[in-house]
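In this note's numbering, the protein residues as written are 395 to 583.
The structure appears right after this line, and notes come after that.
Below is the structure:
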């Protein structure tokens, strides 16, 4: 009986540890820069991993129109970021790779939001749209997926970036933890 208790608590501790790692406060600092004049993205390993910031397009999903990388990957923003600072680094950035480089819209995309960049703590340039640092989601394994929309992980909510900057409707099948009656310690208050 004791062995089962230790195994269960060990698994729970691992989950808590991983969640804590992903939600730790970022030490990244950033400074906002002026909007892009259409220059090409700087080449870096992170740029190719996240798709880079050149040729940002729009695509329709079952939940609405979103911004995508040139490869068709949905672009996200993190609710706890500021216009000048990303709060996603370390383990968080492994699952939510920053879109790096100076952003430009594809010729076919009619995006009227304000483009810009910030400098991350590691010195890379991260693209922004309407004051939101941009990311992709490792859980999206193919173009057109928006599985990261409405997730509450790594210390905050993640939203697919829309052309207007409005929040994309969250998935109806998975309510946010804050609307769950058991999220207040089980008392429903």
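Think of the CB as a built atom: it goes at the ideal place given N, C-alpha and C, for glycine as much as any other residue.
If you're wondering where the values come from, they're calculated on a predicted model, not measured in any experiment.
Notebook entry, point to check: In whole angstroms, what separates the C-alpha of residue 548 from that of residue 482?
Noted result: In the chain shown, residue 548 corresponds to position 154, counting from 1. In the chain shown, residue 482 corresponds to position 88, counting from 1. Between residue 548 and residue 482, the C-alpha separation is close to 8 Å.
Item checked: Residues bridged to residue 558 [DSSP beta-bridge criterion] -> Counting from 1 along the chain shown, the entry for residue 558 is found at position 164. Among the bridge pairs identified by DSSP, residue 558 is matched with none.
Next item on the list: Assess, as a yes-or-no matter, whether the segment 468-483 is touched by the segment 524-537 under the definition of 3 or more beta carbon pairs within less than 8 Å.
Entry: By the Cβ rule, the segment 524-537 counts as touching the segment 468-483, because three or more pairs are nearer than 8 Å.
Check: For the segment 536-547 against the segment 497-515, are there 3 or more C-beta pairs whose distance is under 8 Å?
Finding: No: fewer than three Cβ pairs fall under 8 Å.
Next item on the list: Express the C-alpha separation of residue 463 and residue 512 in angstroms, rounding to a whole number.
Entry: Locating residue 512 in the chain shown gives position 118, counting from the first residue. Locating residue 463 in the chain shown gives position 69, counting from the first residue. If you draw a straight line from the Cα of residue 512 to the Cα of residue 463, it comes to about 18 Å.
Next item on the list: Report the rounded CA-to-CA distance for residue 609 versus residue 491, giving the unit in angstroms.
Entry: Outside the shown range of the chain, which is 395 to 583, sits residue 609, and nothing can be said about it.
Note to self: Alpha carbons only, please: which of 461, 530, 451 is nearest the one belonging to residue 545?
What the structure shows: As a first step, residue 545 must be located in the chain shown, where it is residue number 151. Distance from the Cα of residue 545 is smallest, within the candidate group 461, 530, 451, for 530.
Margin query: By DSSP's criteria, residue 523 is part of a beta bridge. Which residues make up the other side?
Written below: The residue given as residue 523 occupies position 129 in the chain shown. Residue 523 pairs with 509, 526.
Next item on the list: Go through its chain and collect everything with a Cβ distance to residue 564's Cβ below 6 Å, but skip five positions before and after it.
Entry: The residue you call residue 564 lines up with position 170 of the chain shown. The beta carbon of residue 564 is closer than 6 Å to those of 544 in its chain, skipping five residues each way along the sequence.
Check: Can you tell me whether residue 516 is buried or exposed, with buried defined as 16 or more other CB within 10 angstroms of its CB?
Finding: Along the chain shown, read from residue 1 onward, the residue named residue 516 stands at position 122. Exposed is the label assigned to residue 516, since fewer than 16 other Cβ atoms lie within 10 Å of its Cβ.
Item checked: First through last residue of the alpha helix (DSSP H) which encompasses residue 488 -> Taking the first residue of the chain shown as position 1, residue 488 is located at position 94. Looking at the DSSP string, the run of the alpha helix (DSSP H) that includes residue 488 is 485-489.
Check: Between the Cα of residue 498 and the Cα atoms of 486, 450, 465, which residue gives the shortest distance?
Finding: If you number the chain shown from 1, residue 498 lands on position 104. That would be 450, whose Cα lies nearest to the Cα of residue 498.
Next item on the list: State the beta-bridge partners of residue 470 as determined by DSSP.
Entry: Residue mapping note: residue 470 aligns to position 76 of the chain shown, counting from 1. Beta-bridge pairing links residue 470 to 529, 554.
Notebook entry, point to check: Under a three-way DSSP split, which group does residue 479 fall into?
Noted result: Within the chain shown, residue 479 is the residue found at index 85, counting from 1. DSSP places residue 479 within a strand segment (E or B) once states are collapsed to three.
Notebook entry, point to check: Out of curiosity, what's the CA-to-CA distance linking residue 559 and residue 518?
Noted result: Translated into the one-based positions of the chain shown, residue 559 becomes position 165. Translated into the one-based positions of the chain shown, residue 518 becomes position 124. Each residue's Cα considered, the two are about 24 Å apart.
Checklist line | Cβ neighbours of residue 458 in the same chain (closer than 6 Å, five flanking residues each side left out) | finding: Stepping through the chain shown from its first residue, residue 458 is reached at position 64. Only 562 meet the Cβ criterion.
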